[in-house]
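In this note's numbering, the protein residues as written are 34 to 207.
C-beta atoms are modelled at their ideal positions from N, C-alpha and C, and glycine is treated no differently.
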Amino acid sequence: MSQEKDDKWVVSVHDLSGDGQMREIEDQLPAPQDLGIEMAKVPAGEPLDVNLRLESVSEGVLVTGSVDADIEGTCSRCLKEISWPQNFTVQELVYYPSKDAEEDAFLVADDAINLEPIIREAIVLNLPFSPLCDDDCAGLCPRCGMDLNEFPDHVHEAPIDDRWSALKGLNLEN
């Protein structure tokens with residue numbers, strides 16, 4: 034993991050040399066590019082309120098805390114643009130480099146931790162896959178696309194099943 038020392042997302046952990054030592058971080062960081070999924074995301078550059086605790090443990094540095102972000106998305110039923118504040122919990126062990134660390138584990142590099150992939154994972158994995166503007170959102174009419182929230186009494190004439198059309202001319206009155 035390459036890290037630039039002037040990057041706002043990179044935090045030195047040189048002062049956390051012994052087990053149990055900890056430091057708290059309260060900061061506002063700009064959201065990186067592509068922070069989200071297709072239906073919900075944090076716009077690039079939007080402020081993320083970061084409240085983290087870094088605690089030295091024998092295997093590495095335990096990062097715990099929360100991130101508050103304003104999410105923008107699209108209602109999966111009516112396709113309206115929506116936004117909402119959301120709190121995300123962060124809990125990740127960042128390992129000291131060793132042969133025992135898992136392949137996809139976050140690692141301490143040059144006595145520093147890059148918080149961006151840790152916070153990205155906490156946010157992206159907890160965004161709603163199908164966000165809704167309201168739990169009772171009626172969505173769109175499947176035939177014409179009209180918003181059923183604005184026009185709840187909207188109806189179409191029931192389609193006639195062509196298989197029964199031969200019975201139309203049948204005269205049952207004797």
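Member of the options whose CA lies at the smallest distance from the CA of residue i
i, options, result
"L158", "K74, D194 and G202", "K74"
"I156", "P118, L140, Q54 and S91", "P118"
"S91", "L81, S131, S99 and R153", "S131"
"S109", "P161, A199 and W42", "P161"
"I152", "P63, H47, A142 and L205", "P63"
"D82", "V123, S45 and H47", "V123"
Inter-residue spacing [alpha-carbon to alpha-carbon] between residue i and residue j
i, j, result
"R176", "E71", "25 Å"
"G51", "E125", "18 Å"
"D180", "D40", "45 Å"
"E183", "C174", "11 Å"
"D60", "E79", "13 Å"
"Q66", "A171", "32 Å"
"A102", "S163", "18 Å"
"N147", "V43", "4 Å"
"T107", "D168", "14 Å"
"A191", "L200", "17 Å"
Counted within 10 angstroms of its Cβ, other Cβ atoms place residue i as buried (16 or more) or exposed
i, result
"V188", "exposed"
"R86", "exposed"
"L68", "buried"
"L49", "buried"
"S89", "buried"
N- and C-terminal bounds of the alpha helix (DSSP H) containing residue i
i, result
"A157", "Note on identity: in this sequence residue 157 is Val, with Ala being the wrong assignment. V157 -> alpha helix (DSSP H) spans L148 to V157."
For residue i, the residue or residues it bridges with in DSSP
i, result
"M55", "E88"
"N182", "Note: N182 sits in no beta bridge, so no partner."
Range of the contiguous beta strand (DSSP E) that encloses residue i
i, result
"L95", "G93 to T107"
"F121", "E114 to Y128"
"V43", "V43 to S45"
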